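Notes for the one structure printed next.
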Amino acid sequence: MKTIFESGKKGKSGFAVPGWDVPDSDPIPAAYCNTGVDLIDVSEVDVVRHYTNLSRTNFGVDSGMYPLGSCTMKYNPKVNEKYATLGGFADLHPLVDVSSCQGALEVLYDLASYLSAITGMKRFSMMPAAGAHGELTSVMIIQKYFQDIKEDRRIILTPDSAHGTNPASVAICGFEVKEVPSTEDGDVDIEALRNMVDGNVAAMMLTSPNTLGLFDRNVHLIADILHENGSLFYCDGANLNAVMGKAMVADMGFDVMHINLHKTFSTPHGGGGPGAGPIGVVERLEKFLPVPVVEKRSDGSYYLDSERPDSIGRVHSFYGNFLVCLKAYIYIRMLGAEGIRGASENAVLNANYLLARLKEVYSLPINRLCMHEFVLSDDGVPNGVTTNDIAKRILDYGFHAPTVYFPLLVHGAIMIEPTETESRDTLDRFVEAMKAIRLEAQSDPDMVKRAPHTTAVKRVDAVSAARKPVLKWVP
Ligand SMILES: *Cc1c(COP(=O)(O)O)cnc(C)c1O
């Protein structure tokens with residue numbers, strides 16, 4: 005069997021495309037070449053039933069409310085899918101000549117400018133494939149910035165409420181992570197921060213609003229403390245859903261940020277992908293952005309610019325996240341400036357509605373108005389019923405479980421984010437379910453501890469699931 009690589013010229017890829025530096029590829033060694041695939045014959049109806057049944061064993065935003073704090077699981081408008089399947093977009097080859105994909109480049113260019121308008125950041129790169137990838141790319145930019153000004157700084161600060169990817173990105177880049185404590189009411193502890201900031205601190209990463217669903221009231225002060233020390237300020241923008249159209253991340257004093265298009269801008273996510281984690285930077289960091297950058301000529305045409313000597317280089321082979329970007333572009337165009345603002349207002353309203361009703365029955369460790377999400381605790385739930393049990397039992401009521409045991413600084417955390425796309429009726433049903441579980445913890449705790457009872461798969465023995473996984477599912 006001839007592979008696509010064998011048809012390429014050896015030593016020369018034959019795929020020269022302006023803007024893309026494609027490495028020469030040798031043919032696949034014979035040992036790795038497939039010599040024939042023995043496919044079984046199945047009828048269409050069996051295939052359809054197989055996949056339909058598989059999809060029904062899963063829970064998603066199309067099946068019901070998905071109150072997953074920190075993850076912004078909002079409804080994915082079906083019109084996004086409609087346009088993403090258009091041949092001119094869906095069938096683009098990664099090596100297509102720029103003259104044949106002007107429309108796609110325009111989408112990337114315009115989307116980057118919309119993100120700039122929403123955040124105030126000077127310039128965006130659409131390259132990173134996920135939030136964590138955006139963090140990594142940004143930390144590489146921070147590293148390059150200090151190399152450029154010839155300062156050797158080795159520490160990046162992250163608050164104790166940070167998402168686990170923050171310290172991970174810092175460590176992967178070779179920086180040392182130091183954890184800044186939070187105060188009892190969920191802001192960064194300013195005194196502790198002052199004591200930690202010195203000539204060795206390259207940057208601090210802060211999620212804004214933070215993972216407790218709170219807007220840090222001292223964000224400007226934090227920015228000043230860092231900037232006076234010559235350090236950079238990074239915004240983990242995973243929670244942009246709460247402030248888009250209301251407040252500009254650049255105005256808060258941040259120098260570099262990432263956005264999760266698959267959270268804030270309604271593109272699907274889960275199971276590790278697909279996603280997109282574009283990063284935005286202030287002017288002085290622009291020259292470090294990854295290549296190639298989509299640029300526009302004065303005649304209105306677009307091209308991929310790789311001639312950027314200060315760039316950190318390439319962080320993704322191609323723009324394989326293009327369809328995710330396209331869906332975010334459609335979402336922003338459909339909502340417009342007013343709609344974007346309205347979405348964040350409704351997200352915050354929905355979260356505060358749930359907070360007000362649920363704090364009557366569950367403990368709320370930090371009792372403040374929240375942004376788009378809030379964190380309850382299982383403190384005070386009777387008879388040894390835990391957050392884990394509550395999360396399992398909520399499945400029986402037809403809801404996905406909230407995020408649990410994160411952030412770590414809240415004991416038995418139950419982190420709830422309804423998003424703007426849930427109706428009042430759905431929110432009320434969720435409240436009734438959570439209240440009913442609290443009563444069951446009193447009247448029938450053993451039943452709650454054995455939940456779920458109505459799902460296809462009953463309570464999983466988590467230890468065996470990790471140690472002796474059964475990877476084949478038999479309906
Ligand atoms: C989701 C999330 C991330 C990571 O984003 P991915 O797209 O999942 O890689 C980082 N920080 C916060 C606060 C998040 O909620």
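Going by the numbering used here, 25 is the number at position 21 of the sequence shown; the sequence numbering is gapless.
Cβ atoms here follow ideal geometry from the backbone N, Cα and C, with glycine treated the same way.
Here the structure is a predicted model, which means the values were calculated and not measured.
- At least one heavy atom of ligand 1 lies less than 7 angstroms from the C-beta of Thr169.
- Secondary-structure assignment with DSSP links Leu236 through a beta bridge to Ala207.
- At least one heavy atom of ligand 1 falls within 7 angstroms of the beta-carbon of Gly281.
- At least one heavy atom of ligand 1 falls within 7 angstroms of the beta-carbon of Asn264.
- For Glu183, the closest alpha carbon among the candidates Arg337, Pro163, Ile441, Ala437 is that of Pro163.
- When DSSP states are grouped into helix, strand and coil, Met375 belongs to the coil group.
- Here DSSP, grouped into helix, strand and coil, assigns Thr123 to helix.
- With respect to the C-alpha of Lys250, the residue from Lys126, Leu58, Ala121 having the closest C-alpha is Ala121.
- Between the C-alpha atoms of Gly68 and Val328 there is a straight-line separation of about 22 angstroms.
- In the DSSP assignment, Pro163 falls within the beta strand (DSSP E) that extends over 159-163.
- With fewer than three CB-CB distances shorter than 8 angstroms, the stretch 107-124 does not count as touching the stretch 310-322.
- Rounded to whole angstroms, Ile176 and Asn387 show a C-alpha spacing of 43 angstroms.
- Counting only residues of its own chain and dropping the five nearest sequence neighbours on each side, Leu359 has a CB closer than 6 angstroms to the CB of Cys374, Phe378.
- Buried is the label assigned to Arg157, since at least 16 other Cβ atoms lie within 10 Å of its Cβ.
- Across the set Lys476, Ala351, Ala469, Ser173, the C-alpha of Ala351 shows the shortest separation from the C-alpha of Pro71.
- Just so you know, the alpha carbons of Ile420 and Met338 end up roughly 27 angstroms apart.
- When rounded, the separation of the alpha-carbon atoms in Ile334 and Gly124 is 20 angstroms.
- Pairing Asp393 with His457 gives a Cβ-Cβ distance that is not under 8 angstroms.
- If you draw a 10 Å sphere on the C-beta of Thr425, you find 16 or more other C-beta atoms in it, and that means buried.
- Here Lys439 carries a helix assignment [DSSP, helix/strand/coil].
- Distances taken from the Cβ of Asn354 to the heavy atoms of ligand 1 include none shorter than 7 angstroms.
- Only exposed fits Val49, as fewer than 16 other CB atoms lie within 10 angstroms of its CB.
- Inter-segment contact for the stretch 201-217 and the stretch 233-247 is present: three or more beta-carbon pairs are separated by less than 8 angstroms.
- Leaving aside the five residues that flank Gly107 on each side, the residues in its chain whose CB is nearer than 8 angstroms to its CB run, in chain order, Gly92, Phe93.
- Rounded to the nearest whole angstrom, the C-alpha separation of Ser103 and Pro31 is 29 angstroms.
- Secondary structure note for Met77: it is in no beta strand (DSSP E), with a DSSP letter that is neither H nor E.
- In this structure, Arg442 sits away from Arg454, with a CB-CB distance that is not shorter than 8 angstroms.
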